[in-house]
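Residue numbers (this note's numbering), protein chains in the order written: chain G, 100 to 122; chain D, 53 to 401. Backbone N, C-alpha and C define an ideal beta-carbon position, used for all residues, glycine too.
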Amino acid sequence: CSESDLGPISLNWFEELSAEAPP
Amino acid sequence: DVAEQLTPVLLDGLREESLQLVSKLKDSSSSCAVDVSTVWWEAAGCRELCVVTACESSVSLWKPLASDHWGKIYTWQVGEIPVIQIVPLPDTCNLVCIALGDLEIGEIRLLLYSSENDLFKQSLVKTGNIKAVLGIKDRRLVSSSRTVQEQQVDIVSLSEMGRCKDGQTLMPPEETVLAFAEVEGVRDALVGTTAVNSIVVWSVNLKTGQLLKKMHVGYSYPASICHRAYSDSGLLFVVLSHPHAKESESCGNPAFRVVAFNPKTARSTGVMFSSLPPGHAGRQGDVKDASAAAVLTSGAIAVWDLLLGQCTALLPPDPEGGWALARWATTSACLLAGQRDGTVCLYQY
Chain G
100 CSESDLGPIS
110 LNWFEELSAE
120 APP
Chain D
53 DVAEQLTPVL
63 LDGLREESLQ
73 LVSKLKDSSS
83 SCAVDVSTVW
93 WEAAGCRELC
103 VVTACESSVS
113 LWKPLASDHW
123 GKIYTWQVGE
133 IPVIQIVPLP
143 DTCNLVCIAL
153 GDLEIGEIRL
163 LLYSSENDLF
173 KQSLVKTGNI
183 KAVLGIKDRR
193 LVSSSRTVQE
203 QQVDIVSLSE
213 MGRCKDGQTL
223 MPPEETVLAF
233 AEVEGVRDAL
243 VGTTAVNSIV
253 VWSVNLKTGQ
263 LLKKMHVGYS
273 YPASICHRAY
283 SDSGLLFVVL
293 SHPHAKESES
303 CGNPAFRVVA
313 FNPKTARSTG
323 VMFSSLPPGH
333 AGRQGDVKDA
343 SAAAVLTSGA
353 IAVWDLLLGQ
363 CTALLPPDPE
373 GGWALARWAT
383 TSACLLAGQR
393 DGTVCLYQY
């Protein structure tokens, strides 16, 4: 899978989505 | 040449040698087996991997004896509502969880042994119109259930004695959740697949039950079911099965797919594709690590290596009757293959 197909990848996706999500 | 002669060539040229029959157990009192699983069971200081068999009206616990034989320890009678599924609880001992109902799950129960009063018991965990249930780590059960107005997704924590301790409600998506999978490699991440082919991601730590992301799987295969999820290199890999997929010339008859999602962008791409052997249809599958198994409508069991995308073994229907159940044991590469009459064969894979 390349980054161009899937967009920018973050190793900390779970922490970042948790911080962005409404409580 | 001798080995070649001794190795039976199975349907479609696949060979059985990757599955070695280890032992067989037969429940003579079973009228119609509905599920089979394994559970760690400790008695008199000895912890063993036991087999659990379920028929509609009872659930039996079997312990290994000498010479690959099995002895029945106990049978729980469950009453009026039929058993439809055994729900494995990872990393637990002396606890069996079952789902009961008619067409859908109406009740979840725990079967256990109480050392306090030296009795085998059963206790009620949940009732309702339950669409999906999964045992997850730290002795918890996650389930989705529907009322007329809304969907509830919640987690129940169980004590060692099988009592319900705490509950946690997860934010439900609009669509009905049909299956769950814990995300390996990310503590507190849980995914679910929905009736309209979305993947939802939750945070299931003790404080929040946030729905973090909803991502579309694609329309190609309706009602995909998630079996396993893991995170690697910033991507979320989900193993999906496609019980209702139609055969196509380009893809054959899809059984399992591994799809990589970027949870940050919700974009996805297929990674690996496993098809049914040519000429076979229908499947009811189970996935453990990179191995998948499914019962086909012909009564055969097919086994796939999901990383290779290849069917690696095919167990033909037994002369006494077709296979009805295929489940992986909770430990080691052991396949439990069951027939409707209560016979269970254990194969080393």
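Note on geometry: alpha-carbon atoms of D:F289 and D:T245 lie some 13 angstroms from one another. Rounded to the nearest angstrom, the gap between the Cα atoms of D:G187 and D:P142 is 7 angstroms.
In this structure, D:Q174 sits away from D:R191, with a CB-CB distance that is not shorter than 8 angstroms. Taking each of D:S300, D:L360, D:V229 and D:P369 in turn and checking the Cα distance to D:V248, the smallest one comes out for D:V229. Three or more Cβ pairs closer than 8 angstroms define a contact, and the region 378–392 of chain D meets that threshold against the region 345–363 of chain D. Between D:Y165 and D:N146, the beta carbon gap of about 5 angstroms places them in contact (Cβ cut-off 8 angstroms).
Nearest Cα to D:F313 within the set D:E299, D:S285 and D:P306: D:S285. Note on geometry: alpha-carbon atoms of D:Q72 and D:K340 lie some 18 angstroms from one another. With 16 or more neighbouring CB atoms inside 10 Å of its own CB, D:Q262 falls in the buried class. For D:P315, a Cβ of chain G is located within less than 8 angstroms of the residue's own Cβ.
In the DSSP assignment, D:C149 is bridged to D:V139 and D:L162. Ranked by how close their Cα comes to the Cα of D:L77, the residues D:L101, D:V208 and D:K115 have D:K115 in first place.
D:V200 counts as exposed, since fewer than 16 other C-beta atoms from the protein chains shown sit within 10 angstroms of its C-beta.
Distance check between G:E119 and each of D:S197, D:E372, D:E212 and D:K316 places D:K316 closest, using alpha-carbon atoms only.
If you check each beta-carbon in the region 252–271 of chain D against every beta-carbon of chain G, the ones closer than 8 angstroms belong to V253, S255, T260, Q262, L263, L264 and K265.
In the displayed model, D:E132 falls within coil according to three-state DSSP, outside both helix and strand.
If you check the CB distance, D:I133 and D:E159 come in under 8 angstroms.
By the CB criterion at 8 angstroms, D:T349 and D:V355 fall outside the cutoff.
Around the CB of G:F113, 16 or more other CB atoms lie within 10 Å, so the residue is classed as buried. Ranked by Cα distance from D:V86, the first of D:A96, D:G304 and D:L152 is D:L152. Under the three-state reduction of DSSP output, G:S109 falls in the coil class, being neither helix nor strand. For D:C397, the uninterrupted beta strand (DSSP E) run begins and ends at T395 to Q400, by DSSP. Residues of the region 212–243 of chain D with a C-beta atom less than 7 angstroms from some C-beta of chain G are V238 and A241, listed in chain order. Counting along the chain, D:K115 sits inside the beta strand (DSSP E) bounded by residues S110 to P116.
Out of D:R309, D:K189 and D:D79, the CA that lies nearest to the CA of D:L210 is found in D:K189. For D:L360, the nearest beta carbon of chain G is not closer than 8 angstroms to its own beta carbon. In this structure D:E212 is exposed. Its beta-carbon is surrounded by fewer than 16 other beta-carbon atoms within 10 angstroms.
In chain G, no part has a C-beta under 8 angstroms from the C-beta of D:T246; the shortest such distance is about 18 angstroms. Rounded to whole angstroms, D:R280 and D:H294 show a C-alpha spacing of 14 angstroms.
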